[in-house]
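Visitor: Here you go, one structure.
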Amino acid sequence: MPKASMKDIRKTSQGPETANMDKPNTNDCTVGTVPLVSEVQLTAATGGAELSCYRCTVPFGVFILITGIVVTAVAYSFNSHGSIISVIGLVLLFTGLLLLLSSAVCWKVRHECKKAKRRESQAALMASQRNSFA
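So the sequence shown is residues 34 to 167, counted in our numbering.
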């Protein structure tokens, strides 16, 4: 690039403006409101991924569980009970189990919600069919 254009770039790309030190600090605080996000907006922004918690925690849980088993096995094969590596292995092991347990709970809750919605819609369908025959 020619030198003239580099000078122009340096002139146009200035850093953030510095605060004026002549003004006294009044410690005024402005509070803004945070807009509430609806579930529909969240679903649109994430593509529906917020409802698939159990699907994404299962692979991470399995990976961490296997890592915990391997690290714990290596630590105890060297008879290093209570060492840092055995503690890390046990923490990984319990974290993997916790992730798998939480994904199972999320799946169960989601499954029950789907079942309840299905029952409600079936009851509404049956009620509408009774009204149409009467």
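Just so it is clear, CB atoms sit at the ideal spot from N, CA and C, and this is done for glycine as well.
Looking at the structure shown, is Gly100 part of a helix, part of a strand, or coil, going by DSSP?
Guide: In the sequence as displayed, the identity of residue 100 is Thr instead of Gly. Three-state result, Thr100: helix.
Visitor: Measuring straight from C-alpha to C-alpha, what distance separates Lys147 and Ser113?
Guide: Rounded to the nearest angstrom, the two C-alpha atoms are 48 Å apart.
Visitor: Who are the near neighbours of Gly122 in its chain, counting only those whose CB is closer than 7 Å to its CB and skipping five residues on each side?
Guide: For Gly122, where only same-chain residues beyond five positions count, the Cβ hits under 7 Å are Gly101, Val104, Thr105, Ala108.
Visitor: Mind checking Ile97: buried by the 16 CB within 10 Å criterion, or exposed?
Guide: The residue is buried, with at least 16 neighbouring Cβ atoms inside 10 Å.
Visitor: Taking the straight line between their C-alpha atoms, what separation do you get for Phe93 and Pro68?
Guide: Rounded to whole angstroms, Phe93 to Pro68 spans 32 Å at the Cα level.
Visitor: Report buried or exposed for Thr66, applying the criterion of at least 16 other Cβ atoms within 10 angstroms of its Cβ.
Guide: Exposed: under 16 other Cβ atoms inside 10 Å.
Visitor: Give me, in chain order, the residues of the same chain whose beta-carbon lies closer than 7 Å to that of Leu125; leave out the 5 immediate sequence neighbours on both sides.
Guide: Ile97, Thr100, Gly101, Val104.
Visitor: Just how far apart, CA to CA, sit Thr76 and Arg152?
Guide: Each residue's alpha carbon lies about 24 Å from the other.
Visitor: Could you tell me whether the Cβ atoms of Ser119 and Val91 are closer together than 8 Å?
Guide: Cβ distance not < 8 Å, so Ser119 and Val91 don't count as in contact.
Visitor: Just to confirm the assignment: which complete alpha helix (DSSP H) runs, minimum length 4, are found wholly within the region 123 to 157?
Guide: You should have found no qualifying run.
Visitor: Kindly indicate which three-state DSSP category Gly94 falls into: helix, strand or coil?
Guide: Three-state result, Gly94: helix.
Visitor: What did DSSP end up calling Val112 once you bin it into helix, strand or coil?
Guide: One detail in the question is off: residue 112 reads as Asn in this sequence, not Val. DSSP places Asn112 in coil when its eight states are reduced to three.
Visitor: Can you tell me whether DSSP reads Val73 as helix, strand or coil?
Guide: Looking at Val73 - three-state DSSP - the assignment turns out to be helix.
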